[in-house]
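Have a look at the structure below before the remarks.
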Ligand code: ARG
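Residue numbers (mature numbering (1 follows the signal peptide of the UniProt record, and there is no 0)): -23 to -1, 1 to 244.
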């Protein structure tokens, strides 16, 4: 090996160790730190933890059981964190339409996980992992309302969670619709029950869960094949984390654990 090559190797070593030092010291100041796995290349807000921002109102994907987050994505994040050798840590529930901007800004959470559909607008703000779930939209009404077709909703009030793809679908596809936006999914269902709105536009598995459990006086009249895909939102400044998560997603799909979660939560 010639001297030039040795020089390059030594220089790389010095650079790597000073980067590692920098990572540790910045952690002391409470900002982004390097991960414990020094060669992973990604950063985590808190060492040893994958900090998750979520709107915990979207069963069966994420919901609060008392004060404990639970659901398909909550369990999935637990598995993915395990693959990364860290623990998943959910922040208190965050308003859905603030999650993507929060990940884009950085500093509060490593990932946004909330049944977030990949779309062009969001792709400008954050990176997404490989898809973790496929879903369609749906329209839900009160059982005794006599509404059997979306066309009957012309000029009516349709509710949805603000900033969601369901809200957008209804606004764009129902003629003369009057859209009513809510912060929380439960508030949307409460509004349907109280007659404040005539229908709800939300991701089908979520409508299905709500009408089967709490809101049995409501029914889904239509599944709308929007062909959406959920993924985990990651800062564009942390591409190695996206890569590590994709590897972890692949691993849990291959070892059968992903299928176990589907069987537990989505069937
Ligand atoms: N999939 C829809 C979207 O990305 C709705 C997600 C709402 N999520 C939630 N946790 N409330 O816009």
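No residue lacks a Cβ here, since even glycine has one placed at the ideal position from N, Cα and C.
According to DSSP, residues forming a beta bridge with residue i
i: residue 39; result: 35
i: residue 210; result: 89, 105
i: residue 46; result: 41
i: residue 26; result: 64
i: residue 156; result: 135
i: residue 114; result: 180, 201
i: residue 218; result: In DSSP, residue 218 forms no bridge with anything.
i: residue 250; result: A question about residue 250 goes unanswered here, because the residues of the chain that appear run from -23 up to 244.
i: residue 53; result: Its beta-bridge partners do not exist; DSSP assigns none.
i: residue 237; result: According to DSSP, residue 237 bridges with nothing at all.
i: residue 196; result: 118
Rounded Cβ spacing between residue i and residue j (contact assumed at less than 8 Å)
i: residue 201; j: residue 137; result: So it is not a contact: roughly 12 Å between Cβ atoms.
i: residue 70; j: residue 41; result: 7 Å
i: residue 81; j: residue 212; result: 7 Å
i: residue 92; j: residue 38; result: 5 Å
i: residue 154; j: residue 147; result: 6 Å
i: residue 158; j: residue 144; result: 6 Å
i: residue 174; j: residue 135; result: 6 Å
i: residue 162; j: residue 52; result: At roughly 19 Å, the Cβ-Cβ gap does not stay under 8 Å, so residue 162 and residue 52 are not in contact.
i: residue 48; j: residue 36; result: 6 Å
i: residue 89; j: residue 100; result: Not really, about 13 Å apart at Cβ, beyond 8 Å.
i: residue 214; j: residue 43; result: 35 Å between Cβ atoms; not a contact.
i: residue 87; j: residue 218; result: 6 Å
Closest Cα partner of residue i within the set the options
i: residue 238; options: 190, 23, 50; result: 50
i: residue 122; options: 235, 46, 196, 229; result: 196
i: residue 66; options: 98, 85, 229, 243; result: 85
i: residue 18; options: 242, 230, 220; result: 220
i: residue 61; options: 78, 118, 119, 20; result: 20
i: residue 120; options: 160, 192, 68; result: 192
i: residue 160; options: 32, 149, 22; result: 32
i: residue 63; options: 29, 216, 45, 236; result: 29
i: residue 203; options: 179, 216, 194; result: 179
- Query: So, do the segment 114 to 125 and the segment 178 to 198 have three or more beta carbon pairs nearer to each other than 8 Å?
  - Reply: yes
- Given 8 Å as the limit, is there contact between the segment 49 to 68 and the segment 217 to 237, that is, 3 or more CB pairs closer than that? yes
- Taking 8 Å as the threshold, find out whether the segment 206 to 216 comes into contact with the segment 96 to 112 through three or more Cβ pairs. yes
- Message: Check whether the segment 124 to 139 and the segment 93 to 106 are in contact - that is, three or more C-beta pairs closer than 8 Å.
- Response: no
- Message: I'd like to know if the segment 60 to 80 and the segment 138 to 151 are in contact, where contact means that at least 3 CB-CB pairs between them fall below 8 Å.
- Response: yes
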